[in-house]
Amino acid sequence: MHEKPNHDPATQKYPQKGDHVRVAQKANYENGVLTEGIVQDVLTSKRFHPRGHKVRLTNGKIGRIQQFVDQTTPDHFPLIEADDLR
Numbered sequence: 001m002h003e004k005p006n007h008d009p010a011t012q013k014y015p016q017k018g019d020h021v022r023v024a025q026k027a028n029y030e031n032g033v034l035t036e037g038i039v040q041d042v043l044t045s046k047r048f049h050p051r052g053h054k055v056r057l058t059n060g061k062i063g064r065i066q067q068f069v070d071q072t073t074p075d076h077f078p079l080i081e082a083d084d085l086r
């Protein structure tokens, strides 16, 4: 079982268009595989979301932010490129 990132309401960053992020797509929630991309649209309207803000990436993929790329990558999440999911 994969450990999920801590989504602390006091420290969770609100995403903005153009942010470089890693997201968990719905099909990958259980296995923890992340997709990297650039935020096109923020789909979550609330300032905080316990599972991560939902965004649409510039490649059209939709997922919940697990990490901003400028932060440290957790060891327990395999990273794949969005093109590998086709």
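Its first residue numbered 1, the sequence shown is counted upward by one per residue in UniProt numbering.
C-beta atoms are modelled at their ideal positions from N, C-alpha and C, and glycine is treated no differently.
1) Run through the DSSP bridge pairs and tell me what F68 is partnered with.
2) Quick test of your reading: R64 and V23, contact by CB under 8 Å. State the CB separation rounded to the nearest angstrom.
3) So, using beta-carbon positions, are F68 and V21 closer together than 8 Å?
4) With a threshold of 16 other CB atoms inside 10 Å of the CB of T35, please say whether the residue is buried or exposed.
5) Apply the 10 Å Cβ neighbour rule to P15 and answer buried if 16 or more other Cβ atoms are within range, or exposed otherwise.
6) Cα separation between G60 and D41?
7) I need the boundaries of the beta strand (DSSP E) containing R56, first residue and last residue.
8) In the DSSP assignment, what residue or residues form a beta bridge with G63?
With the given structure in hand:
1) Residue numbering aside, residue 68 sits at position 68 when the sequence shown is read from its first letter. DSSP, once it has assigned bridges, lists V21 as partnering F68.
2) As a position in the sequence shown, residue 64 is number 64, starting the count at 1. As a position in the sequence shown, residue 23 is number 23, starting the count at 1. Between V23 and R64 the Cβ distance is about 6 Å, and since that is below 8 Å, they are a contact.
3) The residue labelled residue 68 in the question sits at position 68 within the sequence shown. The residue labelled residue 21 in the question sits at position 21 within the sequence shown. Less than 8 Å divides the Cβ of F68 from the Cβ of V21.
4) Along the sequence shown, one-based indexing puts residue 35 at 35. Sixteen is the threshold: when 16 or more other Cβ atoms of the shown chains lie within 10 Å of the Cβ of T35, as they do, the residue is buried.
5) The residue labelled residue 15 in the question sits at position 15 within the sequence shown. By the 10 Å Cβ count, P15 comes out buried.
6) The residue you call residue 60 lines up with position 60 of the sequence shown. The residue you call residue 41 lines up with position 41 of the sequence shown. Rounded to whole angstroms, G60 and D41 show a C-alpha spacing of 10 Å.
7) Locating residue 56 in the sequence shown gives position 56, counting from the first residue. R56 -> beta strand (DSSP E) spans 54-57.
8) Within the sequence shown, the letter at position 63 stands for residue 63. G63 is bridged by DSSP to V55.
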